[in-house]
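Residue numbers for the sequence shown follow the working numbering, beginning at 1 and rising by one.
Glycine residues also receive a C-beta, built at the ideal position from the N, C-alpha and C atoms.
All values reported here derive from a predicted model rather than from experimental measurement.
Working notes for the structure below.
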Amino acid sequence: MTDQSKGAYLDFGQAYRKAADYCVIQDRCLSEIKLKLKFWNIDKNFIIPIISKLIEEDFLNEKRFAINYAGGKFRMNGWGKLKIAGGLRVRSLSPLQIQQALSVIENEEYAFSLRKLLQKKLKQLGGDSLLNRQKAARFAISRGFEPAHIAAQLRNNEIYDF
Numbered sequence: 001m002t003d004q005s006k007g008a009y010l011d012f013g014q015a016y017r018k019a020a021d022y023c024v025i026q027d028r029c030l031s032e033i034k035l036k037l038k039f040w041n042i043d044k045n046f047i048i049p050i051i052s053k054l055i056e057e058d059f060l061n062e063k064r065f066a067i068n069y070a071g072g073k074f075r076m077n078g079w080g081k082l083k084i085a086g087g088l089r090v091r092s093l094s095p096l097q098i099q100q101a102l103s104v105i106e107n108e109e110y111a112f113s114l115r116k117l118l119q120k121k122l123k124q125l126g127g128d129s130l131l132n133r134q135k136a137a138r139f140a141i142s143r144g145f146e147p148a149h150i151a152a153q154l155r156n157n158e159i160y161d162f
């Protein structure tokens, strides 16, 4: 790879367009953009102005990123709120932004998703037993669901309707 393809010789306009194109592909957060600009070896004097212009022109919007990240990880990957919040913290989002993102997940939809996850795992494990319930609970915890919600679902008899 040549130095030019990594950004060593890009002027401000070229670097900005490259960053804007990167943001258009999918929503990005500030830490991802900073990391990518450094990876591309963009002149350090351009980084803050590029980021400012990306925010000004709404290519970079952390609130939108957080909401889309939370919704996507919940609906597509079946993640619980704890795992989603951890992913957002790793990306240096503020606690307020994380809370706003998690608030878009409806409580009924969240409980339904957890119930289906537990039902599927219990069926996979061969039915209802104390050991299988413990295994299913550990699995749900690994997916980022809160232990209190898991315990409440496992106490609910609806969970065992296979």
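- For residue 21, count neighbouring Cβ atoms within 10 angstroms of its own Cβ and tell me buried if that reaches 16, exposed if not. Exposed, since its Cβ has fewer than 16 Cβ neighbours within 10 Å.
- residue 47 by DSSP, collapsed to three states: which one? In this structure, DSSP gives residue 47 a helical state, which the three-state scheme calls helix.
- So what's residue 9 in DSSP terms, helix, strand or just coil? In the three-state reduction of the DSSP assignment, residue 9 falls in the coil class, being assigned neither a helical nor a strand state.
- Query: For residue 122 versus residue 136, is the C-beta distance shorter than 7 Å?
  - Reply: Taking 7 Å as the Cβ cut-off, residue 122 and residue 136 qualify as a contacting pair.
- Item | Whole-angstrom distance between residue 101 and residue 117, CA atom to CA atom | When the Cα atoms are used, residue 117 and residue 101 turn out to be separated by approximately 22 Å.
- Task: State yes or no: is the beta carbon of residue 53 nearer than 7 Å to at least one beta carbon in chain C?
- Result: Here chain C cannot be found, since the structure has a single protein chain.
- Just curious, the alpha helix (DSSP H) that residue 142 is in, first and last residue? Residue 142 -> alpha helix (DSSP H) spans 130-142.
- Can you tell me whether residue 7 is buried or exposed, with buried defined as 16 or more other CB within 10 angstroms of its CB? In this prediction, residue 7 has a pLDDT of 49, which is less than 50 and means its spatial position is unreliable; nothing more can be read from the coordinates.
- Whole-angstrom distance between residue 44 and residue 2, CA atom to CA atom: Residue placement at residue 2 is poorly supported in this model, since its pLDDT is 47, which falls under 50; the coordinates are not used for a value here.
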